[in-house]
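J.: What follows is a structure written as structure tokens; I'll ask about it next.
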Amino acid sequence: MYILEVANGAQHPAQVSPVLPADFRNITVKRYVFRWRPLVADCELYKLTITGSDDILGLVALIEHPAEQRIEIKLLTASSENIGQGKQFDRVAGCLIAFAAQEAMDRFEDFPAISLLPKTNLKQHYMNHYGMEDSGRQLYLEDIGLFNVINEYLA
Amino acid sequence: MSIKKILTENNGEQIADSMLMPARITPRQKAKADQELAAHRKKRQESMSSDDKLRYQLMQLKFKLENYIKKGHFEPTHHFGYYLDQYLRVTGRKKKEFAVDIQIHQTQLSNIIKNRREPNESLMIRLELHSRNMIPAIDWFKLHEMEKGYQIKTDRNLREREKQFVTHSLQEL
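Following this line, the structure appears as structure tokens:
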């Protein structure tokens, strides 16, 4: 897994690991857009860092739905300096989505899936960007789509 | 950075490229959306042809096997025979049928699955050919290698048995 430094195209090895209680000292709304601490009760929180660095470049909140063999991406963001034009690193969100896909593959046997519930006017962009399927309100990835996103971002 | 600022300063593609901007819905609407999703997935899975299902399940097994090898941590329950048994399950072949498919004795196959007998390279090549190269022999080989590595690291009995043959060790030199 790697993220791309936009300025020079350098690839930086990255890793995803669980958010630790001490991390909340640095997880501010200003840098990570949403309020993450209240999600601890219902979600598994993970952070993306460049290997060997403590600086958190992205966060994702996951909810497992074992009966449906599905992992829901409740919330996801790159750190504010990595959003939009002028961002420092690319692929942060893709790596976190692929991480969720890999977790689904590891945890469920038959038809693992990941899903998310984006704002309606943004749905098409997630479908174009990550090959997601449309189920109405929610988008999802399963079977070949899961492999594709894993191969793209984690290989 | 506020959500409002992100939404006004970036287009949809830039947002999707960096974050999930979640829809705000009530728990009741979410429950309905979950039902809708489950129904959509069920319909999609039911519409898959048996060939598509087999291809997908083989890809899934290959993924799990390669991921296991990549992690490099051998678990005694996940030996060669375990994955061979998974291969039979995915392909829907009974042991008797599969033994005929790859021309080995059924007892030999059973013993390999139960981890009572070691696989050889011919078997690994036959497995590659049987899967039409979906799961290459090198994956089976690396899996077996992991198991051998674990055995040689942890086999105390073998160490005890071999002690008698080492009459001088470096400590005594």
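Residue numbers (the numbering used here), protein chains in the order written: chain A, 1 to 155; chain B, 1001 to 1173. Positions of the beta carbon are idealized from the N, C-alpha and C atoms, including for glycine.
May I have a chain-ordered list of the alpha helix (DSSP H) segments no shorter than 4 residues that lie completely inside the stretch 9–62 of chain A?
T.: 29–32
J.: Give the residues from the stretch 46–77 of chain A that approach chain B closer than 7 Å (Cβ to any Cβ), ordered along the chain.
T.: E68, I73, L75, L76 and T77
J.: Expressed to the nearest angstrom, what Euclidean distance is found between the alpha-carbon atoms of E1009 of chain B and D110 of chain A?
T.: 42 Å
J.: Span of the beta strand (DSSP E) holding K74 of chain A?
T.: R70 to A78
J.: Residue range of the beta strand (DSSP E) that S115 of chain A falls in?
T.: A113 to L116
J.: Compare the beta carbon distance of F1063 of chain B and F147 of chain A with 8 Å and say whether it is the shorter of the two.
T.: yes
J.: What whole-angstrom Cβ distance do Y46 of chain A and P13 of chain A have, given they're in contact under 8 Å?
T.: No, Y46 of chain A and P13 of chain A are not in contact; Cβ-Cβ is about 17 Å, not under 8 Å.
J.: Within 8 Å (strictly less), CB to CB, does Q1164 of chain B reach chain A?
T.: no
J.: Check whether chain B comes within 8 Å of T28 of chain A, counting only Cβ atoms and requiring the distance to be less than that.
T.: No, T28 of chain A lies away from the interface with chain B (no Cβ there is under 8 Å from its Cβ).
J.: Per DSSP, I3 of chain A forms a beta bridge with which residues?
T.: A:H12
J.: Please compile the residues from chain C whose C-beta is within a distance smaller than 8 Å of the C-beta of G1012 of chain B.
T.: Although the question refers to chain C, the structure presented lacks it and instead comprises the protein chains A and B.
J.: Helix, strand or coil for M1124 of chain B per DSSP?
T.: helix
J.: Verify the CB distance criterion: does E5 of chain A have a CB-CB separation below 8 Å to chain B?
T.: no
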